[in-house]
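Novice: Residues in the sequence shown are numbered consecutively from 1, following full-length UniProt numbering. Where is the CB? At the ideal position from N, CA and C, for every residue including glycine. Quick one: the structure is below, and I'll ask about it shortly.
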Amino acid sequence: MDADLVAVLRCPVCGDALALNDRTARCPRGHSYDLAKQGYLNLLPSASTGIEGDSAGMIGARTVFLGGRHYAPIRDALILTAASNGLQVDGEELVVEVGAGTAYYLAGVVGAAPGRRGIALDVSRYAARRAAKVDPRIGSVVCDAWQELPLLDDSAQLMLNVFAPRNAAEMARVLAPGGTLLVVTPNQEHLAELVGVLGLVKVDEEKERRLQESLAGKFDQIGSEVVESVMRLDRTAVEQLVLMTPSARHLNYRELAAKVAVLPEPAIVTLSVTLSTWRVG
């Protein structure tokens, strides 16, 4: 992670700005954080919520599945929406993704213009390791999305939130005036062909209402679109898809493998999400 990216971060203890010296980020009060050998910075506060991040297995599965471009329509939609909502092609802009995982979506948006830089935030150190290597313009940081985000006030022009936790007050604080938040949430039709057959966690019917309530008072919605496609997945891809989701924490692998083995190949699976656009209120 280079010094310019560290300069937009703040100390999780006192909130002062951080500066990189050699491989150590320090604030003026003397709190210091060493870069991990894999290139990420751990700014997880000692008093975190204890939320469980994705395991090494989940991150490995996500890397394989996303590498197959099955979710490329989501990334493409984020790139286009960012371009049509004030993020300039040649400007110096910071893009932050909360719950970035492997930084697949963030890398797409940052890579669409030479002037952009990115910060990938995730509570999983396994995710942070992957994100640190995806693009030199992206800095990878371990943090708790439900606590204060380790970023300076008004430091970002765009924020991404894809299937991830939403801390509205902190996201609004980090976004500069006029900044944009792009949120991706699954629809009822998303992966519907697999939910019952494989015992996956169902999409909450109240998800849209909860999204509106979680952002009310901090953001104003300015747009929304449904992104849908039909995925043709072989059994390996289906297995990787399941193993990268929260459902992986509740499934027995042998039982999952047995259920996947009897699926048709390719399995026809619906991708259906809503991409909503928000501005700081």
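Could you tell me which of L20, R137, R254, V184 sits nearest to D76, measuring between CA atoms?
Specialist: Here residue 76 refers to the residue found at position 76 of the sequence shown. V184 is the residue among L20, R137, R254, V184 whose C-alpha sits nearest the C-alpha of D76.
Novice: Taking the alpha carbon of P12 as the point to measure from, which residue in W146, R130, G60, I138 has its own alpha carbon closest?
Specialist: Position 12 of the sequence shown, counting from 1, holds the residue named residue 12. In this structure, W146 is the residue among W146, R130, G60, I138 with its C-alpha nearest to the C-alpha of P12.
Novice: Determine which residues share a DSSP beta bridge with G68 and list them.
Specialist: Residue 68 sits at position 68 when you count from the first residue of the sequence shown. In DSSP, G68 forms no bridge with anything.
Novice: Output the distance between the C-alpha atoms of R279 and A258, rounded to the nearest integer angstrom.
Specialist: Sequence index remark: in the sequence shown, residue 279 carries index 279 (1-based). Sequence index remark: in the sequence shown, residue 258 carries index 258 (1-based). The alpha-carbon atoms of R279 and A258 are separated by roughly 46 Å.
Novice: Do the CB positions of S272 and E228 come within less than 8 Å of each other?
Specialist: As a first step, residue 272 must be located in the sequence shown, where it is residue number 272. As a first step, residue 228 must be located in the sequence shown, where it is residue number 228. Yes, they are a contact pair.
Novice: Just grab the DSSP bridge partners of E93 for me.
Specialist: What you label residue 93 is simply residue 93 of the sequence shown in a count that begins at 1. Assignment of beta-bridge partners to E93 by DSSP yields R116.
Novice: With L18 and R10 assumed to form a contact (beta carbons below 8 Å), what rounded beta-carbon distance in angstroms separates them?
Specialist: By 1-based counting over the sequence shown, the position of residue 18 is 18. By 1-based counting over the sequence shown, the position of residue 10 is 10. That pair is a contact at about 6 Å.
Novice: Would you mind sorting I119 into buried or exposed? The rule is 16 or more other CB atoms within 10 Å of its CB.
Specialist: Locating residue 119 in the sequence shown gives position 119, counting from the first residue. With 16 or more other Cβ atoms within 10 Å, it is buried.
Novice: Nearest by alpha-carbon distance to G39: which of I222, R137, E225 is it?
Specialist: For the purposes of this step, residue 39 is taken as residue 39 along the sequence shown, with counting starting at 1. By alpha-carbon distance to G39, the top candidate from I222, R137, E225 is R137.
Novice: Do Q157 and E97 count as a contact pair if the criterion is CB distance below 8 Å?
Specialist: The residue you call residue 97 lines up with position 97 of the sequence shown. The residue you call residue 157 lines up with position 157 of the sequence shown. Against a cut-off of 8 Å, the Cβ pair of Q157 and E97 comes out as no contact.
Novice: G108 lies in the alpha helix (DSSP H); which residues open and close that run?
Specialist: By 1-based counting over the sequence shown, the position of residue 108 is 108. Its alpha helix (DSSP H) spans residues 104-111.
Novice: List, from N- to C-terminal side, the alpha helix (DSSP H) runs of 4 residues or more that fit wholly inside the region 7-51.
Specialist: none
Novice: Would A56 be called buried (16 or more neighbouring beta carbons within 10 Å of its own) or exposed?
Specialist: Residue numbering aside, residue 56 sits at position 56 when the sequence shown is read from its first letter. Per the 10 Å Cβ criterion, exposed.
Novice: Nearest CA to the CA of L243: which residue from L215, Q212, G199?
Specialist: Here residue 243 refers to the residue found at position 243 when the sequence shown is read from its first residue. Ranking L215, Q212, G199 by Cα distance to L243 puts G199 first.
Novice: Put G281 into one of helix, strand or coil per three-state DSSP.
Specialist: As a position in the sequence shown, residue 281 is number 281, starting the count at 1. DSSP places G281 in coil when its eight states are reduced to three.
Novice: Under 8 Å Cβ to Cβ from P266, same chain only, skipping five residues before and after it: list those, please.
Specialist: As a first step, residue 266 must be located in the sequence shown, where it is residue number 266. Excluding residues within five positions, the ones whose Cβ falls inside 8 Å are R232, L233, D234.
Novice: Does the region 98-110 come close enough to the region 21-40 to have 3 or more Cβ pairs within less than 8 Å?
Specialist: With a cut-off of 8 Å, the region 21-40 and the region 98-110 do not count as touching, because too few Cβ pairs lie within range.
Novice: For the alpha helix (DSSP H) that contains G196, what are its first and last residues?
Specialist: On the sequence shown, position 196 is the one that residue 196 refers to. Looking at the DSSP string, the run of the alpha helix (DSSP H) that includes G196 is 192-198.
Novice: On the premise that T274 lies in contact with A192, defined as a C-beta separation below 8 Å, what is that separation, rounded to the nearest angstrom?
Specialist: Here residue 192 refers to the residue found at position 192 when the sequence shown is read from its first residue. Here residue 274 refers to the residue found at position 274 when the sequence shown is read from its first residue. Between T274 and A192 the Cβ distance is about 15 Å, and since that is not below 8 Å, they are no contact.
Novice: Indicate the three-state DSSP secondary structure (helix, strand or coil) for L256 in the structure shown.
Specialist: Numbered from its first residue, the sequence shown carries residue 256 at position 256. Reduced to three states, the DSSP call for L256 is helix.
Novice: Can you give me the C-alpha to C-alpha distance between L149 and C27, rounded to a whole angstrom?
Specialist: In the sequence shown, residue 149 corresponds to position 149, counting from 1. In the sequence shown, residue 27 corresponds to position 27, counting from 1. Cα to Cα, L149 sits roughly 16 Å from C27.
Novice: Going by DSSP, what residue range makes up the beta strand (DSSP E) through L182?
Specialist: Locating residue 182 in the sequence shown gives position 182, counting from the first residue. That run of the beta strand (DSSP E) goes 175-186.
Novice: Straight-line CA distance for R210 to G68?
Specialist: The residue labelled residue 210 in the question sits at position 210 within the sequence shown. The residue labelled residue 68 in the question sits at position 68 within the sequence shown. Going by the C-alpha atoms only, they are around 31 Å apart.
Novice: How would you write the range of the beta strand (DSSP E) that A127 sits in, first residue to last?
Specialist: As a first step, residue 127 must be located in the sequence shown, where it is residue number 127. Annotation for A127: no beta strand (DSSP E) segment contains it, though the alpha helix (DSSP H) segment containing it runs 125-131.
Novice: With distance defined between alpha-carbon atoms, name the residue in K37, G178, A100, L152 nearest to T277.
Specialist: Within the sequence shown, numbered from 1, the residue matching residue 277 stands at position 277. Among K37, G178, A100, L152, the Cα nearest to that of T277 belongs to G178.
Novice: For the candidate residues A100, A82, A7, A132, whose alpha-carbon lies nearest to that of S224?
Specialist: As a first step, residue 224 must be located in the sequence shown, where it is residue number 224. Taking only the C-alpha atoms, the option nearest S224 is A82.
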